[in-house]
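First the structure, in the form of structure tokens, and then the observations on it.
In our numbering, the protein residues as written are 28 to 124.
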């Protein structure tokens, strides 16, 4: 969501950025990215943290489950651990301005 300096939804700015993308105006796109970098980083950190929390909740549901009853459980746990490591790496990168 693109906002102006006052926190208002900025339709004109959104249109300007869209047009820069359509026109392949890299300089204008870069200006937008630099101007909104902090807001973008904060939004991404919020998303990553929410995803990690949700993943922890899902992983907790596997505790105490019998792999004989749920044969894919080991694969699910392995997948969740792998995904968590990826998101933690992304979080570390985002945390460094």
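We put the CB at the ideal spot given by N, CA and C, even for glycine.
| query | result |
| --- | --- |
| For the alpha helix (DSSP H) that contains residue 87, what are its first and last residues? | 64-87 |
| Use the C-beta contact count for residue 109: other C-beta atoms within 10 angstroms, 16 or more gives buried, fewer gives exposed. | exposed |
| Which residue from 78, 71, 123 puts its Cα closest to that of residue 107? | 78 |
| Just to confirm my understanding: we take residue 115, look at its own chain, exclude 5 residues before and 5 after, and list those with CB closer than 8 Å. What are they? | 79 |
| Does DSSP put residue 107 in a helix, a strand or coil? | helix |
| May I have the straight-line CA-CA distance separating residue 67 from residue 37, to the nearest angstrom? | 15 Å |
| So, helix, strand or coil for residue 123, using DSSP? | coil |
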